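A short write-up of the structure that comes next.
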Amino acid sequence: MPINYKTGIINEHKNVRNHSGIFDVSHMGQILIENNESYLHKLEKYIPLQLKNLIKNRSHYSFLLNKDGGVIDDLIISSIDIKDKPYLYIVYNASRKKEDEEIFISCAPNAEKIYNKNCLFAIQGPDSINVLKNIIDIPNNMNFFDILISKYDNNQILVSRSGYTGEDGFELSIPNESAENLITDLLKNENTMLCGLGSRDSLRLEAGLSLYGHELNENITPIEAGLSWALDKERLEDKNLNGNKILSDQLKNNLSNKKIGLISTNKSMLRDGMTLFDNNNNEIGKITSGCFSPNLNKSIAIGYIRSEFNTDNPIFCEIRKKLELVKINNLPFVKKNYKKNGSVYE
Amino acid sequence: MSEKKYTKDHEWVSIENEIATIGISNHAQESLGDIVFIELPSVGNSVKAKDEICVVESVKAASDIYAPIDGEIIEVNNNLENDAAIINQDAENDGWIFKMKISDSNQYSDLMSEDEYKQFLEQ
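Which chain is which? The protein sequence lines are A and B, in order.
Mapped onto the working numbering, the consecutive letters of the first sequence carry residue numbers 12 to 357.
Mapped onto the working numbering, the consecutive letters of the second sequence carry residue numbers 31 to 153.
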């Protein structure tokens, strides 16, 4: 996947927000794990969900946690029957394949990595449904984070209504031999286009979504990352879950850092790794992701600052040895546009 | 008649009457992608060749612009302040970044010709 295709990051970004765009995310990990009680129990050591209660044909955003509750990876886990057999289908970050697969295989020795035989495409944007429905059968009542099996080219494909741009959209796991045909069919719609990693990043940042290696790593818990909504609270009382004590303490007590959204007050660009200061020149935090926001026409960023810092006070970002005023902005920067019960919700 | 020359940092320089006009090459513009901001140099500053004098920010990354030769900054392209994307549209004409009064024209002859720059890009 390139950073961008011919028309550039900004054009690709706007096309996704206004129409649709196609991302080839085949580099990501995809694995099928047989849905049986012994495997689920072992996986529940790492995954903070009640896996046996997962609803069929639904996806969940979750994590693999280390023994301190730190994030080994963030992932999407779905419960789905394939050829009448129940599976967990997990999509995880390419950069964490080694760490994740060690865990998956230790819990379920016959877990089947499918990313060598299946491509993964994401079509994102308000028009995605219109582009897709002529090519693949999509039920009208399919909601965001629903997943099902459909057909294309006489092959079974996994279709989930999901993505990581803040827009409505779909992810399609399709056997390699049909992948090129599918892309060709999708691109027949002249309002869609191939999009690269650059716009994928600016879209997810505008939507306030975390990225592994930036907002998330092994030293940050989901609670510190502002993602406690994704944890099953009952599981935090379960000793079988890695870091359960640390996590439940964090939920009850104050955290040392908080995640914030920032927006530039001039044209300077906020970038990953830049340091944040208060008006007395004390370091208060760091930026973890920054980019130019095509929708706001300004630079935006996500970062962590010390919890005790009062965000009514000014914040400065060090950009090329100069301190520039930045403004706090609630996350997300751009409203989410997901589909639920036939209508769009935020 | 001015001849356009190039630096290894992918800048172009053209000289007329001891005034050098400088910008980034079309190749540089293409690899930077969408340019969203430029921090222009200060008029009146005297600079030496290789000094970092301003910054071009694209959606992908920040990129330093160096003085190609010794001299004094005498003019900057203020149009870029409102619309840095001019560099994407026309890097080697309307997208010029600054002008310098040069102090040593020998430094100019040391830069690459257009053909030499093309070869440099292929290496």
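Beta carbons: idealized from backbone N, C-alpha and C, even for Gly.
Fair warning: this is a prediction, and the values are worked out from it, not measured in the lab.
DSSP, reduced to helix, strand and coil, places Asp39 (chain B) outside both helices and strands of the structure shown, so it counts as coil. For a Cβ distance threshold of 7 Å, residue set Val85 of chain B lies close to Arg331 (chain A), ordered along the chain.
Nearest C-alpha to Asp289 (chain A) among A:Arg282, A:Lys297, A:Asp283: A:Lys297.
For Val82 (chain A), same chain residues with a beta-carbon under 8 Å away, outside a window of 5 residues either side, are Phe74, Leu75, Leu76, Tyr223, Leu227, Asn228, Glu229, Ile231, Thr232, Pro233, Ala236 in chain order. Counting the other CB atoms within 10 Å of its CB gives Val66 (chain B) a total of 16 or more, which places it among the buried residues. For Gly209 (chain A), the chain B residues whose Cβ falls inside 9 Å of its Cβ are Gly63, Asp64, Val89, Lys90, in order along the chain. Boundaries of the beta strand (DSSP E) around Asp92 (chain A): 82-93. Under the DSSP definition of a beta bridge, Thr286 (chain A) partners with A:Lys297.
Ranked by Cα distance from Ile125 (chain A), the first of A:Ile147, A:Ile101, A:Glu113 is A:Ile101.
Per DSSP, Ile132 (chain B) is one residue of the beta strand (DSSP E) stretching across 128-132. Excluding sequence positions up to five before and after Ala105 (chain A), its CB lies within less than 7 Å of the CB of His38, Met39, Gly40, all in the same chain and listed in chain order.
Residues of the same chain with a CB within less than 7 Å of the CB of Lys309 (chain A), apart from the 5 flanking positions on each side, are Ile274, Ser275 in chain order. Put simply, the CB of Phe128 (chain B) is far from chain A, with every gap to its CB atoms at 8 Å or more. Shown here for Gly125 (chain B): same chain residues with a beta carbon closer than 6 Å to its own, the five before and five after excluded, namely Gly53, Ile116, Ile117 in chain order. In the structure shown, the three-state DSSP call for Gln61 (chain A) is coil. At the C-beta level, Ile99 (chain B) and Ala79 (chain B) come within 8 Å of one another. Counting along the chain, Leu151 (chain B) sits inside no beta strand (DSSP E); it lies in the alpha helix (DSSP H) bounded by residues 144-152. A straight-line Cα-Cα distance of about 10 Å links Leu336 (chain A) and Ile330 (chain A). Between the region 131-139 of chain A and the region 167-181 of chain A, the count of Cβ pairs shorter than 8 Å is three or higher; the stretches touch. Under the three-state reduction of DSSP output, Gly40 (chain A) falls in the strand class.
Comparing alpha carbon positions, the residue from A:Ile168, A:Tyr315, A:Pro120 closest to Ser49 (chain A) is A:Pro120. When secondary structure is reduced to three states using DSSP, Ile117 (chain B) falls in the helix class. Per the DSSP secondary-structure output, Thr51 (chain B) pairs in a beta bridge with B:Ser44, B:Lys129. The beta carbons of Ile311 (chain A) and Gly272 (chain A) sit closer together than 8 Å. Counting other Cβ atoms within 10 Å of its Cβ, Ala114 (chain B) reaches 16 or more and is therefore classed as buried. Any Cβ of chain A closer than 8 Å to the Cβ of Phe150 (chain B) would place that residue at the interface, and such an atom is absent. Among the residues of the region 116-141 of chain A, none has a Cβ less than 7 Å away from any Cβ of chain B. Taking Asn340 (chain A) as the centre and dropping the five residues before and after it, the same chain places the C-beta of Gly272, Ile274 closer than 6 Å to its C-beta, in chain order.
Going by DSSP, Asn268 (chain A) is part of the beta strand (DSSP E) stretching over 268-275. Proximity to Gly301 (chain A) across A:Tyr98, A:Asn251, A:Leu287, A:Asn268 peaks at A:Leu287, based on C-alpha coordinates. Val142 (chain A): member of the alpha helix (DSSP H) spanning 139-144, first to last residue.
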